[in-house]
Each structure stands twice: as C-alpha cells, then as structure tokens.
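Participant: Structure in structure tokens, see below.
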Amino acid sequence: MRYLHEKLIIGGGIWLVVLPYTGLPSSWKTVLTILTGLMFLYSGLLQYKKVKNANRMEGVETKTETFTEVI
61 MRYLHEKLII GGGIWLVVLP YTGLPSSWKT VLTILTGLMF LYSGLLQYKK
111 VKNANRMEGV ETKTETFTEV I
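Residue 61 is where the sequence shown starts when you use my numbering, and the numbers rise one by one after that.
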C-alpha cells in the first residue's frame, strides 16, 4: 500500500496506451478514457490532500540560521 499512488499512475498510463488497440467500439473507448481520466483526477486530489495535511501537521516554518564569525 506504500506506493499506491505511483502504481495507479503507472497502471493508468499502461491502460491508456493499450486502450486504442483493444478493438472496442469508439463509444466504449470514449467512456473508458473518461473514467481513466477521472481516476487520475481522484488520485491526484488524494495525493494533494495528503501532502497538504502533512505540511500542516509538520508546522512548516521558515527558520533563519545565524552565523557568527569569530576573529
């Protein structure tokens, strides 16, 4: 389950490459292409939400490092 997002993208990409050669009617291909696009959209939204929540929990702050030169 660790790489679910990456596996979905790879699988969806392979599916989109193979889809035109399946011999299905054009209307079916259109529907399947739209469903695949929605899957990519949903996967992207989940990833965005996950990153946004991780940044919020992390408490992203800008820290300034100080430098002191000793002579």
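Idealized CB from N, CA, C, for every residue including glycine.
Roughly how many angstroms separate the alpha carbons of T93 and L106, rounded to a whole number?
Facilitator: 20 angstroms
Participant: Starting from the Cα of G72, find the closest Cα among S103, E125, Y81, T82 and give me that residue.
Facilitator: S103
Participant: What separation, rounded to the nearest whole angstrom, lies between the Cα atoms of L79 and H65?
Facilitator: 21 angstroms
Participant: Under DSSP, the alpha helix (DSSP H) around E66 begins and ends at which residues?
Facilitator: 64–78
Participant: Could you tell me which of L76, T82, Y63 sits nearest to M99, measuring between CA atoms?
Facilitator: L76
Participant: Apart from the five residues just before and just after T96, which ones in its own chain have a Cβ nearer than 7 angstroms to its Cβ?
Facilitator: G72, W75, L76.
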